[in-house]
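These notes concern the structure reproduced below.
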Amino acid sequence: MNFLKSGLQTVLGTQEPGTAPSGAETVERLVERVSSSTLLDDRRDACRALKALSKKYRVEVGAQGMPALLQVMEMDRADAEIVGYCLDTLCHVTSPEQFEEESENPTVTVNIGEQFTEMFIKASENVGLVLNCLEEYDFRVRWSAIKLLTSLLANKPKEIQEIVLVSPMGVSKLMDLLIDSREVIRNDALLLLIQLTKGNANIQKIVAFENAFDRLFDVIKEEGCSDGGIVVEDCLILMLNLLKNNPSNQQFFKEGSYIQRLAPMFVIPPEQEEIGMTPQKVSNLLCMLQIVRSLVSPLNPQHVIASCQKTMRSSGLLEALCNILMGSGVSPDILTETISTVAEVIRGDLNNQEYFNSVLAPSNPPRPALIVLLMSMVNEKQPLPLRCAVLYCFQSFLYRNEAGQNALVQTLLPSTAQVSSLTSGQLLCGGLFSSDPLSNWFSAVSLAHGLLENPAQKEQLLRVLLALVGSTPVSLLQQCTQLLQQANCKFQSKVALLMLLSVWLSHCQLAVKTFLTAPGSVAYLIAQISANEHDDNEYLIQGLCAFVMGICIQFNDNSVQGSQREDLCQLLIKRIGLEVYSAKLGEVSKHENYSRSAKQPQIRIRSSSDLLLDYEFCKLFKALESIITKTVNGYGNGAESITELTLSQEASGLVGQYKDIIRDQDNRLQKLQEQFRAAEAETLQIKSHLEHAQSTNSQLMDQNILLKAQLQAASDLQKTQQQQSPFHLLPTQGEQTNHQIEVLETQLSALNLQQQEAHSKTTYLEAENRRLLTEVEALRQRVNAAERGEAEAKADLEKLRRDQEDLLELLTDQESKMGSYRQLLKKLGHKLDDDSDDELEPENNGQGEHIPLQ
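Quick note on UniProt numbering: the sequence shown kicks off at 1 and runs consecutively.
Right, here's the structure in full:
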């Protein structure tokens, strides 16, 4: 402290006794010294003093000294020491945290650092000045610049991201820090890049194009791969930032063979399985799993998912994940995340699903991994996150896997029900009828996924019989209906059973027929829909019952006497009313759990009570709600005699087929148009990057030519001086010239390297641009083809309708002619055997001439 006081006295001059200056006055004098001193040493001393005071007198230093400090950084940038002092002072001023020294200062507000950051970035060139400091190799300057940028980012992330984005070579300067040999610089640069890449797709793409993945994998390798420390975790977090929700970077990661570099990091040595993982190893592995999931997330474009899934299988990554899954000593959080990761790696990929189905657990005797996981799911003692992860994995195994769905149902049929080994069907039935509501829910949802978009298995499941103790066997559908009607059936169990019935009955007339013949099924639904509601849970049950009732109407083949379409609609109208029914049906989509469940396939919950609606059920409800409402309202309004219903069976079938074709083509057309727009946007973005890269390349070429000219001039000058004064040339002059040449050569080498990198980047962007243009053209052709197909289908439908109208006109005309012929024949006295026109009487009293029919 005495040293500080003596230093301040040296800078400020001697004060009279008893007239010590206040903090604000001291800062004011120091700022004046920084601005007006002609000697560099004086300015340096003043900056050093401001740095020392900037923690305690942050407000005064920031308010008065910021312009002066920026001026020094620009004018005295050749002096590393003074620039370092300025950067440290600005870092203190803009710090988002409060210092101990200012805790008693009432003028310091909580967000003072954010306020000074806003002042600092009003002129965006100030940030550019700090970015330029990164080019200085001196430790004091480079490290202080990194810390200042980190503080600015913490306070104003979006604004700093935009400034860095438009700053020439701004991202490149930051990326160069990752190859700095000093670990402190490299590690702090990692933290800075993590903050810079959050939520900004454009910066993420530029960082990826700057060889970020190569540099990060190099650092990870140096630090010991997955066994490394916190630096490895930081590298993985930055990698995750670059990949999450960024299809361009995901494709780049896959095409750059980085999945192959990631796969070996999942191999866990046997000795490590025995002794367990360190906490840091667990953190690293969790980050790695998140990276894998970012590449195959269901929210990604389908072509990216499919290509990454294929590479993950061929590179051995899927095998390594399954080994972790079946390994011993794996912590619960790693196990849960690994199950979810495997789910997304196999989701919708038949080859990966078949591989996973063949994995055996190391038990005695060996059991399929799928069976072991299902045993955990229906076990109420297992942690809830683990059970949810297993359900997600099983759903992903069944997704678009008709063979897997068939195999599940086959394990329940009488021909295979007597097998000695435990089957998936038996486990799910056991969970469906257990006393644990969560097991009921998990099992019902799993069975529902075994029936999705598979009408054949819906009919096969109707054959499943359950042998109950002391009573005759009943069908699975009948048992589900009876359970639903029991008074002790819990809320979650009811929701699960109603969702299972909704999936089972939809698009399956035989299942609807079987359900309608079950005792009390319709009466239960009507009673639930017409009940007086009390809370959100009862609202949801009523809405689900209304949905099942609507499905029974929509997919009714009218083969059950008393429960035909019109009968059920009339029952709804008399007992409930159309408006009330529609309102009850709409309660499902209004429930808060619906919007949360409809967002993504994976279950994300805070507690077990949040397990209500399933993602695929929400999709089914969204698809059928409006159709059911129209059907029921149509019957209620007496619209059963609409034209389509009065047509012949063949004509109605054709109309239905054409409507299905048009609906399917509409959906395909919308998807293609979305892909087309996304590809066009990405193409424009790539073009922008390409133009920027070409401009940068041109600037580098100009600088290269200029430096070569300067280097040549310096060499010529040195030769001239040696020729003119070979004995009188001062050593310092020679050294200066040599130094100047060395500096120029170093700059030239660096410029050549930058030019090569810019050329590589330009080449890559041009290739990416060509690829995207090809994709856009292909999508354009597909959109045109889909539009032509839709137009043709609509034209065919319109032609069919016109033909039907012509046919009806012809029939009407023929009937009119037949009527006139009858009149004429009767007038002529001809007797008709099948005369149905009782009101017509012969008017000629038998006097006319008899004319035979031709």
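Cβ coordinates follow ideal geometry from the N, Cα and C atoms, glycine included.
- Looking at the backbone, the Cα of Gln382 and that of Ser376 are separated by about 6 Å.
- With respect to the 8 Å criterion, Tyr581 and Val632 are classified as neighbours on the basis of their beta carbons.
- A direct Cα-Cα distance of roughly 10 Å separates Ala49 from Thr26.
- By alpha-carbon distance to Asp41, the top candidate from Phe515, Leu386, Ile82 and Thr472 is Ile82.
- Leu465 carries a strand assignment under DSSP once its states are collapsed to helix, strand and coil.
- Restricting attention to Leu153, Ile163, Lys158 and Glu136, the CA atom closest to the CA of Asp180 is found in Glu136.
- Taking the Cα positions, Glu587 is about 28 Å away from Ala389.
- Look at Arg367 here: in three-state DSSP terms it is strand.
- By the beta-carbon neighbour count (other beta carbons within 10 angstroms, threshold 16), Ala693 is buried.
- The beta carbon of Asn200 lies closer than 6 Å to those of Gln161 in the same chain, with the five residues before and after it left out.
- Going by beta carbons, Leu585 and Phe547 fall inside the 8 Å limit.
- Contact check for Ile185 against Val127 fails: the beta carbons are separated by 8 Å or more.
- With a contact defined as Cβ atoms closer than 8 Å, Asn284 and Gln353 miss out at about 28 Å.
- In the displayed model, Ala343 falls within a helix according to three-state DSSP.
- When rounded, the separation of the alpha-carbon atoms in Arg367 and Leu773 is 50 Å.
- Per DSSP, reduced to three states, the secondary structure at Val474 is strand.
- Note that the segment 559-571 does not touch the segment 619-627; fewer than 3 beta-carbon pairs, one per stretch, sit closer than 8 Å.
- In terms of Cα proximity to Arg44, the closest of Ala63, Ala24, Leu69 and Gly23 is Leu69.
- Closest in alpha carbon position to Ser95, among Glu118, Asp76, Glu74 and Asp610, is Glu118.
- Contact check for Leu438 against Leu611 passes: the beta carbons are separated by less than 8 Å.
- Assignment of Leu360 by DSSP, reduced to helix, strand and coil, places it in the strand class.
- Contact annotation: the segment 408-415 does not touch the segment 356-366, with fewer than three C-beta pairs closer than 8 Å.
- It is roughly 11 Å from the alpha-carbon of Asn488 to the alpha-carbon of Gln482.
- Taking the C-beta atoms as reference points, Leu468 is found no nearer than 8 Å to Tyr524.
- Taking one beta carbon from each stretch, the segment 588-600 and the segment 461-480 have fewer than 3 pairs nearer than 8 Å; the two do not touch.
- Taken through DSSP and simplified to helix, strand or coil, Gly327 comes out as coil.
- The segment 168-179 makes contact with the segment 188-208: 3 or more CB pairs, one atom from each, lie closer than 8 Å.
- Contact between the segment 210-217 and the segment 263-276 is not established, with fewer than three Cβ pairs separated by less than 8 Å.
- Within its own chain, the residues whose Cβ lies closer than 8 Å to the Cβ of Met701, once the five positions on either side in sequence are excluded, are Gln755, listed in chain order.
- Leu318 is not a Cβ neighbour of Ile339, given a cutoff of 8 Å.
- Here the alpha carbon of Val372 sits roughly 15 Å from the alpha carbon of Gln395.
- Taking the CA atoms as reference points, Lys799 sits about 29 Å from His507.
- In the DSSP annotation of this structure, Ser54 is not part of any alpha helix (DSSP H), being labelled neither H nor E.
- Rounded to the nearest whole angstrom, the C-alpha separation of Ala456 and Thr514 is 15 Å.
- Look at the segment 247-273 and you find these whole runs of alpha helix (DSSP H), each 4 residues long or longer: 247-255 and 258-262.
- With fewer than 16 other Cβ atoms inside 10 Å of its own Cβ, Asp803 counts as exposed.
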